[in-house]
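Worksheet: the structure to be examined is printed underneath.
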Amino acid sequence: MVREALGACGFTVVLTDPGTRTVERLYSEGTGAAVAGAVDAATFWETAGGRAVRDGEPSFVDGTLPESPSTGDRRIADRLRGTPARALAILPLVADETRGVLSLQFAERHAFDEPERRLLADFAAHVAVAVRNATLLVARERERDRAAAAAEIARVALDASSLDAGAAAILGVLDRLVPSAGKALSVLRDQGAGAAYVECAAAVGTITFLRGLRSATSARAARRASDARVRPVIVDDLRTVLTPERCPDATGQPGTAAAAVMVPLVARGRTLGDLAVTTPLGIPLAEAARDTLAQLAAPIALALDALLLGEERRRRLVEERQMTEQLRQAEKMAALGELVAGVAHEINNPLTGISAFAELLADDVLTDDQRESVRLIKREADRVVGVVRDLLVFSRKTEPAYAELDLNELVERTLRLRSYALRAAGIDVRLALDPSLPVVYGDEAKLQQVILNVVLNAEHAMRETPLRRIEAATRHTGDRVVLSLTDTGTGIAPDVLPRIFEPFFTTKPAGEGTGLGLSVSYGIVQTHGGELRVESTPGLGTTLEMVLPTHPAGVPAIDAALSSSAS
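The sequence shown begins at 1 in full-length UniProt numbering and counts up one residue at a time.
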């Protein structure tokens, strides 16, 4: 309607910002589409439209378009030669400030007399006011949306259960506000190593190949950013940044080339990571979208900081709970040790008498039934004596004999003790002993008891399995040596695993176990300054690791024993 009222065959509205030299083709009709298609930010400022914006003065072309040295003008002239346009009116859009340019095309020659020029200028002024009002309205809506997004991002930081969940929620908020080919949040886990991407999201397509990557380039870009003002860093082609050589931890490579805007995330004077927003190659992110990202960088950084603090608090809470549980277990074991020691001593004396009198009775003249009964008394008394001996070892009342020992040799010797029983049970024994294993300080008899207890448990666990194998392996890491004993038994159920070191706890049938073997082993290894670790998969088998220090310093029991032997 406007075009017909002015007698134009087309018009184009272009918005500009001389400060940032950005150009946006807002609207076109008729032959104006040809003009709009020839406009780009690189050449616009050399055209008649660019001069009108810069000088604030209109220009008119009547009849044949003149030759111009400007590349932009030549492009526009070339586009218009195939259209009905024969005259042009180029008017700046001024409302408080110059906001763009209006180009009107006419199919007939125009003298553009003074009344027509005033009419066109008035029309341009009305267009400028409309553009200003629309721009202000869009800006207010954009600010409202940004404020709402910032508030939602803050809520995410409070509500998220984990860093990954928080990152996903933040990217979901951004996807609604700034649609793009893909987005990823990164965290600088190591300020020197680069950014580890923790989450990816996208409105159209995705950049999931970024997951697990370490981008040194983005880290450097983030560190270059001023803490006072975050400046997005434009990456023309991600392939120059995220190459397999620079990203050894990549879980995949991009299927298509992409550009990106990297926004550093800075909180409390510290660069936490960055936000990567990708676009198809050659299509830059709009200026308004970049402004939105820059303005939301601070809320995102604060949310990320809160998520990282929450993650650290959760990690410390887990550690505290583990330490509390370990302390509770240690106190429980100590209390039980004291109790067991007292009970064992009370039982040991009468048992010794029963065993001795059974031996005396065996020398008397007895019937066969009586002799069998005496043998039964003797055998069962000796079995209980063995249990009492285990109880005394568990209570750590016996004096240890610490010395240097070869753990490899101890393993071989212990397995030789059980060689007949292992062969009879059809159990294959495999050794993988490290010949460079350093010596350890320990009580040979007690450490042998630990190994024997584990082997006996393995034998029992493989009674019903078709594949029967025990693998013994040694290795050393730093100042620790590790003995691993792996069986192919039935494994340990997850609900049972936490209880295996409890005294008197056993899964064996009644009469086949006392439940003290692993409890005693736990106490022995702990006294040596080491630890017992167990991993088990039901139906596949169990691995028990005995970890011992190579140096006695710092282990009170060993220090005391060695000091007393030296004196």
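Beta carbons are placed, not taken as given, at the ideal position from N, Cα and C, and that holds for glycine. If you're wondering where the values come from, they're calculated on a predicted model, not measured in any experiment.
Roughly how many angstroms lie between the CA atoms of residue i and residue j, to the nearest whole one?
| i | j | result |
| --- | --- | --- |
| A165 | R155 | 13 angstroms |
| R469 | T537 | 15 angstroms |
| A303 | D487 | 48 angstroms |
| L26 | V13 | 6 angstroms |
| A225 | V263 | Bear in mind that a pLDDT of 41 at A225, under 50, signals an unreliable position, so the model cannot answer this. |
| I300 | L265 | 7 angstroms |
| G491 | T542 | 5 angstroms |
| V310 | L407 | The displayed chain sequence assigns Gly, not Val, to residue 310. About 44 angstroms. |
| R142 | R118 | 35 angstroms |
| V101 | E24 | 10 angstroms |
| residue 599 | T43 | Residue 599 lies beyond the stretch modelled for the chain, which goes from 1 to 567, so this question has no answer here. |
| E97 | L188 | 43 angstroms |
| V411 | Q526 | 19 angstroms |
| F112 | E287 | 36 angstroms |
| R144 | L137 | 10 angstroms |
| A130 | R140 | 15 angstroms |
Taking the CB atoms as reference points, tell me whether residue i and residue j lie closer together than 8 angstroms.
| i | j | result |
| --- | --- | --- |
| A425 | E459 | yes |
| T292 | A181 | no |
| residue 638 | V35 | Missing from the structure shown is residue 638; the chain here goes from 1 to 567 and no further. |
| V440 | I524 | no |
| residue 600 | V481 | No answer is possible for residue 600: the residues shown for the chain start at 1 and end at 567. |
| L497 | V534 | yes |
| L308 | L185 | no |
| A169 | A160 | yes |
| A48 | D78 | no |
| A128 | R99 | yes |
| E544 | L452 | According to the sequence shown, residue 544 is Leu rather than Glu. No, they are not a contact pair. |
| A473 | L415 | no |
| A151 | C9 | no |
For residue i, name the three-state secondary structure that DSSP assigns.
| i | result |
| --- | --- |
| P280 | strand |
| D479 | coil |
| V61 | strand |
| I492 | coil |
| D291 | helix |
| C427 | Checking the sequence, you will find Ile at residue 427 rather than Cys. Reduced to three states, the DSSP call for I427 is coil. |
| P264 | strand |
| E444 | helix |
| D363 | coil |
| E535 | strand |
| E319 | helix |
| D17 | strand |
| E464 | coil |
For residue i, tell me which candidate among the options has the shortest Cα-Cα distance.
| i | options | result |
| --- | --- | --- |
| E502 | S419, D434, E331, C9 | E331 |
| T83 | G32, P438, L285 | G32 |
| E114 | P58, F357, V138, A297 | P58 |
| S373 | V384, A358, R383, D382 | A358 |
| G353 | V384, V340, L336 | V384 |
| D479 | G530, D55, A77 | G530 |
| A260 | D274, R270, V343, G269 | D274 |
| A125 | A95, T16, P179 | A95 |
| K183 | R268, R315, H476, L285 | L285 |
| T550 | A401, A341, T477 | T477 |
By the 10 Å Cβ neighbour count, where 16 or more other Cβ atoms means buried, how is residue i classified, buried or exposed?
| i | result |
| --- | --- |
| residue 568 | This structure does not reach residue 568, given that the chain is present from 1 up to 567, and the question cannot be answered. |
| G50 | buried |
| P92 | buried |
| A87 | buried |
| Q370 | exposed |
| L483 | buried |
| T324 | exposed |
| I500 | buried |
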